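Here the structure comes first, spelled out in structure tokens, and everything after it is commentary.
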Amino acid sequence: MSSIFDQNLPRVEANYAALSPLSFIERTASVYPQRLAVVHGALRRNWAEVFARCRQLASALQRVGVRPGDTVAVMLPNTPPMVEAHFGIPAAGAVINALNTRLDAETLAFMLDHGEAKVVIVDPEFTGVMAKALRLRKSTASLFIIDVDDVLFTGDVTRLGDITYDEFLATGDSSFPWPLPADEWDAI
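Below you can see the structure in the form of structure tokens.
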């Protein structure tokens with residue numbers, strides 16, 4: 004299957020090993036399951052919990068049709084969903100497009116179109132600029148939009164999608180057996 008990330012470059016021994024951050028979190032959750040991994044306000048999660056949530060995200064993404072090579076864009080600050088996205092999206096075989104939170108709506112619209120995003124995960128802090136970016140897109144391809152409920156966000160919350168991040172995660176399987184990339188040429 005061809006995707007925008009397939010450049011048909013020759014594979015050689017130096018770039019054909021399956022090294023991946025996905026194996027890092029798997030090992031960390033195995034060796035240090037009860038160690039503190041994430042702190043966000045009053046929220047505390049250990050590595051076993053974070054790993055399970057990453058697998059839930061990967062599973063939920065596949066259940067809505069995300070396939071290897073598809074792009075999932077995220078407009079998130081440094082919050083637990085961003086940590087989970089950095090592992091869960093590649094675990095679904097998809098490519099994470101971490102949008103720069105300082106960009107304007109026109110640039111974000113271009114990035115969503117050019118990156119061929121299928122799913123967008125949005126923190127409430129950025130719904131204003133993202134709402135404008137979504138209106139400015141030239142692509143007619145639909146986007147599945149997931150709204151994050153950030154307990155530390157104090158402003159008005161505007162929903163862009165039809166489901167919250169936690170509701171979406173609940174549709175996934177926390178024991179999802181994610182495959183590691185076949186080699187370093189797999190986009191993550």
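According to the numbering used here, the sequence shown holds residues 4 to 191 in order.
Even for Gly, the Cβ is constructed at its ideal location relative to N, Cα and C.
Note that the coordinates shown come from a computational prediction; the quantities given were computed from them, not determined experimentally.
Where residue i sits in the DSSP three-state scheme
i: T157; result: coil
i: R14; result: coil
i: D99; result: The residue asked about is misnamed: residue 99 is Ile in this sequence, not Asp. Strand, per DSSP.
i: A185; result: coil
i: A136; result: helix
i: A144; result: coil
i: D7; result: Here residue 7 is Ile; the residue named in the question, Asp, does not match the sequence. It is coil, neither helix nor strand.
i: I191; result: coil
i: G175; result: coil
Bridge-paired residues (DSSP) for residue i
i: D150; result: V125, T167
i: M78; result: V125
i: A120; result: T74
Cβ shell of residue i (< 6 Å), same chain only, five flanking positions each side left out
i: F156; result: P127, E128
i: G158; result: none
i: Y35; result: W50
i: I148; result: V123, L163, G164
i: R48; result: A40, V41
Beta-carbon proximity of residue i to residue j, cut-off 9 Å
i: L99; j: V125; result: Note that residue 99 is Ile in the sequence shown here, rather than Leu. For I99 and V125, no; Cβs fall outside 9 Å.
i: T28; j: I191; result: In the sequence as displayed, the identity of residue 28 is Ile instead of Thr. No, Cβ-Cβ distance for I28 and I191 is not below 9 Å.
i: D73; j: K121; result: yes
i: T167; j: D152; result: yes
Neighbourhood of residue i by C-beta distance below 7 Å, restricted to the same chain and skipping five residues each side
i: F113; result: none
i: A94; result: L25, C57, R58, A61, W181
Proximity test, Cβ basis, 9 Å: residue i and chain B
i: V86; result: Within the model displayed, chain B is absent; a lone protein chain is all it includes.
Could I get the ranges of all uninterrupted alpha helix (DSSP H) runs contained in the stretch 20–76, with 4 residues as the minimum, in chain order? Correct list: 24–34, 50–66.
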